[in-house]
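Peer 1: In terms of numbering that gives the first Met the number 0, the sequence shown has 181 at position 182, counting the first letter as 1, and numbering is strictly consecutive. Ideal placement from N, C-alpha and C gives every residue a C-beta, glycine not left out.
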Amino acid sequence: MLFAAAGLPLVRHDVVRRRDWREAPDTVVERLESKLRYPLFVKPANLGSSVGISRVEDMETLKAALDLAAKYDRKLVVEEGVAPCREIECAVIGNDRPDTSVLGEIVPSGPFYDYEAKYLDDRSETIIPAQLTDAQAARIRTMAVDAFKAIDGAGMARVDFLLASDTGDLFVNEINTHPGFTTISMFAKLWDATELPYPQLLDRLIELAAERHAEKQDTRTTVG
Numbered sequence: 000m001l002f003a004a005a006g007l008p009l010v011r012h013d014v015v016r017r018r019d020w021r022e023a024p025d026t027v028v029e030r031l032e033s034k035l036r037y038p039l040f041v042k043p044a045n046l047g048s049s050v051g052i053s054r055v056e057d058m059e060t061l062k063a064a065l066d067l068a069a070k071y072d073r074k075l076v077v078e079e080g081v082a083p084c085r086e087i088e089c090a091v092i093g094n095d096r097p098d099t100s101v102l103g104e105i106v107p108s109g110p111f112y113d114y115e116a117k118y119l120d121d122r123s124e125t126i127i128p129a130q131l132t133d134a135q136a137a138r139i140r141t142m143a144v145d146a147f148k149a150i151d152g153a154g155m156a157r158v159d160f161l162l163a164s165d166t167g168d169l170f171v172n173e174i175n176t177h178p179g180f181t182t183i184s185m186f187a188k189l190w191d192a193t194e195l196p197y198p199q200l201l202d203r204l205i206e207l208a209a210e211r212h213a214e215k216q217d218t219r220t221t222v223g
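(1) Counting Cβ pairs closer than 8 Å, one from the stretch 94 to 107 and one from the stretch 41 to 56, do we hit at least three?
(2) For residue 132, name the three-state secondary structure that DSSP assigns.
(3) What residue does the alpha helix (DSSP H) around residue 30 start on, and which one ends it?
(4) Go to residue 54, then tell me how far its beta strand (DSSP E) extends in each direction, as first and last residue.
(5) Please name the residue in 195, 25, 83, 144 whose C-alpha comes closest to that of residue 176.
(6) What does a CB cutoff of less than 6 Å around residue 134 pick up in its chain, not counting 5 residues either side in sequence?
(7) On a Cα-Cα basis, can you pick out the residue from 201, 218, 160 that is closest to residue 87?
(8) Could you tell me whether the stretch 83 to 99 touches the stretch 149 to 165, where touching means 3 or more Cβ pairs closer than 8 Å?
(9) Rounded to a whole number of angstroms, what is the C-alpha to C-alpha distance between residue 5 and residue 139?
(10) Which of helix, strand or coil does DSSP assign to residue 148?
(11) Relative to the alpha-carbon of residue 204, which residue among 192, 219, 186 has its alpha-carbon at the smallest distance?
(12) Indicate whether residue 1 and residue 149 have their beta-carbon atoms separated by less than 7 Å.
(13) Kindly indicate which three-state DSSP category residue 202 falls into: helix, strand or coil?
(14) What would DSSP say about residue 60, mapped onto helix, strand or coil?
(15) Hey, quick one: how far does the beta strand (DSSP E) through residue 170 stretch, first residue to last?
(16) Could you name the residues of the same chain whose beta carbon sits closer than 6 Å to that of residue 153, not counting the 5 residues immediately before and after it, in chain order?
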């Protein structure tokens, strides 16, 4: 809702509450199939590392995917797939005036970048910088800042996008406010390619935390 209010483009989607799914599964499936077209992606709303995410092609796999996602969250998101598409990522650091990194592209080894592709399979490919036109790159970086501001982000985040290969349509896929932060994580790699190596990145994040703490101390929490 925050992204939609900010005017950011999103794929067609719907939200399912776990209680509704468990109490009236047929009603939920009927609603989803009336609003969205297969293939669909089913995911827990608040999780990372692609845990609990499924790509489904029909009613039976949709039901199984909702059961799986409901194990991890009370709120489930069901999205229309964008195919063919490219997965583009942008790292953001800052508070009120965020900066963006160069862009990277994930080329998954399977149908999508799931948990196995991220952690158990070394065949997925990372391309930095992503091969994009100047106009595409500028638009993605602007949208990354808009997404960060839409959630009142602070410190760091990684914003992921879907770029339709045939039409060029661009969608915000998600924002990750706690991205992987090892030296080989995409977040760190993007900043390294932006000439902000890991030690300096850590220094900058500490500065941003101190800045936000000082601002918090300047805010009254009592009357008088």
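Peer 2: Checking against the coordinates, here is how it stands:
(1) no
(2) In the sequence shown, residue 132 corresponds to position 133, counting from 1. If DSSP states are grouped into helix, strand and coil, residue 132 belongs with coil.
(3) Reading the sequence shown from its first residue, position 31 is the one you call residue 30. Per DSSP, residue 30 belongs to the alpha helix (DSSP H) from 24 to 34.
(4) As a position in the sequence shown, residue 54 is number 55, starting the count at 1. Taken as a continuous stretch (DSSP letters only), the beta strand (DSSP E) holding residue 54 covers 53 to 55.
(5) Residue 176 sits at position 177 when you count from the first residue of the sequence shown. It is 144.
(6) Locating residue 134 in the sequence shown gives position 135, where the first residue counts as 1. Contacts found: none.
(7) Indexing the sequence shown from 1 puts residue 87 at position 88. Cα-wise, what sits closest to residue 87 is 160.
(8) yes
(9) Walking along the sequence shown from the start, residue 5 turns up at place 6. Walking along the sequence shown from the start, residue 139 turns up at place 140. One C-alpha to the other measures close to 15 Å.
(10) As a first step, residue 148 must be located in the sequence shown, where it is residue number 149. It is helical.
(11) Position 205 of the sequence shown holds residue 204. Measuring from the Cα of residue 204, the nearest candidate turns out to be 186.
(12) To locate residue 1, count along the sequence shown from 1; it is residue 2. To locate residue 149, count along the sequence shown from 1; it is residue 150. Yes, Cβ-Cβ distance for residue 1 and residue 149 is below 7 Å.
(13) Here residue 202 corresponds to residue number 203 of the sequence shown, with the count starting at 1. Residue state, collapsed to three classes: helix.
(14) Locating residue 60 in the sequence shown gives position 61, where the first residue counts as 1. Three-state DSSP puts residue 60 in a helix.
(15) On the sequence shown, residue 170 is found 171 positions in, with the first residue counted as 1. Counting along the chain, the beta strand (DSSP E) containing residue 170 begins and ends at 169 to 175.
(16) Looking up residue 153 in the sequence shown gives position 154. The residues are 94, 211.
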